[in-house]
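The next block holds one structure in the form of structure tokens; read it before the comments.
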Amino acid sequence: MTNAERNQINRRIALLERATALFGRFGGLIPMAVAFLNRWPTQVELYPHWQVGESWKVFLSVYLYWFAWLALGRAISFAKASLAP
Numbered sequence: 003m004t005n006a007e008r009n010q011i012n013r014r015i016a017l018l019e020r021a022t023a024l025f026g027r028f029g030g031l032i033p034m035a036v037a038f039l040n041r042w043p044t045q046v047e048l049y050p051h052w053q054v055g056e057s058w059k060v061f062l063s064v065y066l067y068w069f070a071w072l073a074l075g076r077a078i079s080f081a082k083a084s085l086a087p
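According to the working numbering, the residues represented by the sequence shown are 3 to 87, in order.
Here you go:
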């Protein structure tokens, strides 16, 4: 691998790292915005009522986005480690 290729890959990894940081900061708002636009749930209920209502979908989607952020972070760390000389 030449230095030019290595520098291009490092730039792409840095761009992905910045996008992941923004996703980690604002990614939890995406399910909330979708829930607000779909008009569900009209009120967030806590246990035990949230199991029969629709509010569990909001909590589940926030956790799924959080796990996606963690997976992106791990992928970036593995990519950086594979490029280390």
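Glycine is no exception: its CB is placed at the ideal position from the N, C-alpha and C atoms.
Secondary structure note for R20: its alpha helix (DSSP H) is the uninterrupted segment 5-28.
A81 is positioned such that its CB atom lies closer than 8 Å to that of I15. For A35, the enclosing alpha helix (DSSP H) stretches over residues 31-39. Taking C-beta atoms under 8 Å as the contact rule, W68 and G30 qualify, at a distance of about 7 Å. Counting only residues of its own chain and dropping the five nearest sequence neighbours on each side, R41 has no CB closer than 8 Å to any other CB.
Distance check between A35 and each of F25, R27, I11, V60 places V60 closest, using alpha-carbon atoms only.
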